[in-house]
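S.K.: Line by line, the protein sequences are chains B and S.
This note's numbering applies: residue 8 is where the first sequence begins, and numbers increase by one.
This note's numbering applies: residue 105 is where the second sequence begins, and numbers increase by one.
Beta carbons are placed, not taken as given, at the ideal position from N, Cα and C, and that holds for glycine.
Since this is a predicted model, take the numbers as computed values, not measurements.
One structure, pasted below without further comment.
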Amino acid sequence: MNLLKNLAISDTGFVFNPATGDSFSVNPIGLDILKHLKDGKSENEIRKHLLESYQTDKETVEKDLYDFFKMLDQLRLTEHD
Amino acid sequence: MSNKKALYERPLIQRINTGLMNKFGTKTEYAPVTHIDTFSVKDLITQYGSPVFVLSERTIRNTYKEANRAFKTRYLKVQFAWSYKTNYINAICNIFHQEGSWAEVVSGFEYAKALKNGVPGNRIIFNGPDKTDEDLRSAISNNSPIHIDHLDELYRLTELAVEMNKRPNVAIRVNMDTGIYPMWDRFGFNYENGQAWDAINKIILGDKLELIGLHCHIGTFMLSPSAYATAAYKLSDLALGIKQKFNKHIQYIDMGGGFASKNTLKGSFLPGEDTSPSFDQFAEAICTALLNAGFTDKDLPLLILETGRALIDEAGYLLGSVIANKRLADGRRATILDFGVNIMFTSFWYNHKISPAQEFSSYTEDTVMYGPLCMNIDVIRDHATLPPLKKDDHVVVHTVGAYNMTQWMQFIAMRPAVVLLGIDGKTHLIRKRETLENIEMNEVMPEFLKDFKIS
Ligand SMILES: Cc1ncc(COP(=O)(O)O)c(C=O)c1O
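The following block contains the structure:
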């Protein structure tokens, strides 16, 4: 899965889609994930990163990442090749 | 778990709708409520299970005192009568009785409850369209004020009075146009079309019943104090007319209940905390009307109030837990809670405030809140803005003290325990959680259905 190329992501958790003019807010973990996606990290790498950096477990990360990616799709912030 | 790792929270992303007012939630809603009075929500759930209703004794007594003060500082003779149907758990009724309330009942069952609680018969007001002969006989023997709803009741009561050789104390319920529509005209006798006078004439000229009062209950969740002023004028007009025509003193005017609580009605833009009138506003309207109606000092009637929801709603909370989260087909988040509309009847007409019971970051998400029933109608809130709740997190539903603990249904699940948060700093179980035995107690199994064999 890839994020839209020209998506603007600020360090304070604001996301702007210049193509549509829509803005979004993300919480710190959401921001962490978006930055990794922007850097071209794979889903597996992100999963691993979350497990290493946060007090959580595999099932929770699995479930929440799935949901978060679905939301990104829903909000049309991704492109699939 | 390593301490170096950061705290985890579910990742969230939400569209920002700039320029649009958010009509669904208020900021304060996200503020966690970890304690009620001094009691920890978590401990309450651990001790009494989830979900559980809790009622704050302090809030009940303070609210009562506030209402009493608002009226008594404006009018000398005021008497509250606790409306049993609003919440008739005996411990709750007795708090009101300890504060000095009479009882107001609308069925033989409620009447028996009030008697059993120890309320003297002449302090139990018997309202409602359905009083059986047995109910009426009991009320007559106990000298309870009987509020007559219709002519059939008036005639029957007259027959019973003759039969028992007693003179029952009665009032009539009057309905009227107070500028609030739809008008409640199904209970009592109409003021504008002369029915009320007709009933009064029949009672006084019949000379078998003692007319001691006039009653109205103009609606419920009323947001307009001026409607009460109109009602108080109209009842006063009847009382003064009775004095003039029959030289008969009417002892009391009973204004019923109906004051809005601090809940938020569905579809209203602003929270009830900001829009519901205060007791002072209702008291000012009613007392001014009575004082200006033209009574002489010695003829001023006792003012009775049957306030229900406004006295108890804020004292009640429902504590519950999150069962699951899911994403709906259209992308909305849904949270499934362990309490449904069967124990929160009032969710059909209020947007109850729901707070998380644990600390969160300030990030929030719009969510639909469903109950646990396997039924499509089981929606607690169509739309709430809350932090990312996860399975087993706790929530606090506010302002559920009125009608839920009487209109609740045993359906699919057991009804929860009810706990009083005492002023003594202790919790008191006032209604146990239901059990399978409670529910099956009244079932009867015919002999031929006792056994079966499934191959
Ligand atoms: C006759 C009567 N009195 C008092 C009440 C209590 O009303 P509320 O809870 O709106 O104050 C009711 C409720 O409908 C009622 O029917």
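For F128 of chain S, does the three-state DSSP call read helix, strand or coil?
M.R.: Low confidence applies to F128 of chain S: its pLDDT is 45, below 50, so where it sits in the model is not reliable enough to give any reading.
S.K.: Is M326 of chain S helix, strand or coil by DSSP?
M.R.: strand
S.K.: On the DSSP bridge assignment, give the partners of D358 of chain S in chain order.
M.R.: S:H319 and S:I408
S.K.: Is M545 of chain S buried or exposed, if buried means 16 or more other CB atoms sit within 10 Å of its CB?
M.R.: exposed
S.K.: Thinking C-beta only, is I250 of chain S closer than 8 Å to L240 of chain S?
M.R.: Yes, the Cβ-Cβ distance between L240 of chain S and I250 of chain S is below 8 Å.
S.K.: If you drop the 5 nearest sequence neighbours on each side, which residues of the same chain put their C-beta closer than 6 Å to that of E69 of chain B?
M.R.: none
S.K.: Alpha carbon to alpha carbon, what distance is there between E410 of chain S and S148 of chain S?
M.R.: Note that residue 148 of chain S is Leu in the sequence shown, not Ser. L148 of chain S and E410 of chain S: Cα-Cα distance of roughly 32 Å.
S.K.: Just the Cα atoms here: how many angstroms apart are T130 of chain S and A336 of chain S?
M.R.: Note that T130 of chain S scores 45 on pLDDT, short of 50, meaning its location in the model is unreliable and no value can be drawn from it.
S.K.: Closest Cβ-Cβ distance between F128 of chain S and chain B: below 8 Å?
M.R.: Any reading at F128 of chain S must be qualified, since the residue scores a pLDDT of 45, below 50, and its modelled position is unreliable; no value is offered.
S.K.: As an exercise, report each continuous alpha helix (DSSP H) stretch of at least 4 residues that is fully enclosed by the region 187–253 of chain S, in chain order.
M.R.: Entirely contained in the region 187–253 of chain S, the alpha helix (DSSP H) runs reaching 4 residues are, in chain order, 194–202, 212–220 and 237–245.
S.K.: Which partner residues does Q118 of chain S have in the DSSP bridge list?
M.R.: B:S32
S.K.: Rounded to whole angstroms, what's the CA-CA distance from A393 of chain S to L255 of chain S? Just pull it up for me.
M.R.: 29 Å
S.K.: Can you list, in chain order, the residues of its chain whose CB lies under 6 Å from that of E463 of chain S, leaving out five sequence neighbours each side?
M.R.: P136
S.K.: In chain S, which residues lie less than 7 Å from T63 of chain B when you measure between Cβ atoms?
M.R.: In chain order: Y112.
S.K.: Hey, is M78 of chain B's beta-carbon within less than 8 Å of any beta-carbon in chain S?
M.R.: yes
S.K.: Using the rule of at least 16 other Cβ atoms within 10 Å of the residue's Cβ for burial, across every protein chain shown, is K519 of chain S buried or exposed?
M.R.: Note that residue 519 of chain S is Arg in the sequence shown here, rather than Lys. Buried.
S.K.: For N191 of chain S, is the beta carbon positioned less than 7 Å from some heavy atom of ligand 1?
M.R.: no
S.K.: Relative to chain C, which residues along the region 458–471 of chain S have a C-beta separation below 8 Å, given in chain order?
M.R.: Note that chain C does not occur in the displayed structure, where the protein chains are B and S.
S.K.: Between I527 of chain S and chain B, is there a C-beta pair that is closer than 8 Å?
M.R.: No, I527 of chain S lies away from the interface with chain B (no Cβ there is under 8 Å from its Cβ).
S.K.: Is N221 of chain S near N194 of chain S, with beta carbons less than 8 Å apart?
M.R.: yes
S.K.: Does Y259 of chain S pass the burial test, meaning 16 or more other C-beta atoms within 10 Å, or should it be called exposed?
M.R.: exposed
S.K.: For D482 of chain S, collect the residues of the same chain with a Cβ closer than 7 Å to its Cβ; drop the 5 residues on either side in sequence, then sort them by chain order.
M.R.: G444, V445, Y474 and G475
S.K.: For ligand 1, any of its heavy atoms closer than 7 Å to the Cβ of H254 of chain S?
M.R.: H254 of chain S has its CB no nearer than 7 Å to any heavy atom of ligand 1.
S.K.: Are any of the Cβ atoms in chain S nearer than 8 Å to that of G28 of chain B?
M.R.: No - not a single Cβ of chain S is within 8 Å of the one on G28 of chain B.
S.K.: Less than 7 Å separating the Cβ of T324 of chain S from some heavy atom of ligand 3?
M.R.: This structure lacks ligand 3; the ligands present are ligand 1.
S.K.: Mind checking whether the beta-carbon of F363 of chain S lies closer than 7 Å to any heavy atom of ligand 1?
M.R.: Within the cutoff, so yes.
S.K.: Regarding V51 of chain S and ligand 1, is the C-beta to nearest heavy atom distance less than 7 Å?
M.R.: Since the displayed chain S opens at 105 and closes at 559, residue 51 of chain S lies outside it and no answer follows.
S.K.: Along the chain, where does the alpha helix (DSSP H) that runs through M78 of chain B open and close?
M.R.: K65 to Q81 is the extent of the alpha helix (DSSP H) around M78 of chain B.
S.K.: Check whether the Cβ atoms of P115 of chain S and D29 of chain B sit closer than 8 Å, and answer yes or no.
M.R.: no
S.K.: Can you list, in chain order, the residues of the region 134–150 of chain S whose Cβ is nearer than 7 Å to any Cβ on chain B?
M.R.: none
S.K.: Taking Cβ positions only, does L490 of chain S come closer than 8 Å to chain B?
M.R.: no
S.K.: Quick check on DSSP: helix, strand or coil for H456 of chain S?
M.R.: Coil at H456 of chain S, not helix or strand.
S.K.: If distances are taken between C-alpha atoms only, which option among S:E538, S:Q511 and S:I527 comes closest to A517 of chain S?
M.R.: S:E538
S.K.: Under 7 Å between beta-carbons, which chain S residues line up against N34 of chain B? List them in chain order, please.
M.R.: E113, P115, L116, S465 and Y467
S.K.: Given that E120 of chain S touches chain B, what residues does it touch there, using C-beta distances under 7 Å?
M.R.: Reading off the sequence shown, one finds Ile at residue 120 of chain S, where the question assumed Glu. In chain order: S30, F31 and S32.
S.K.: Taking the alpha carbon of F157 of chain S as the reference point, which residue from S:S559, S:I558 and S:L524 has its own alpha carbon closest?
M.R.: The residue with the shortest Cα to Cα distance from F157 of chain S is S:L524.
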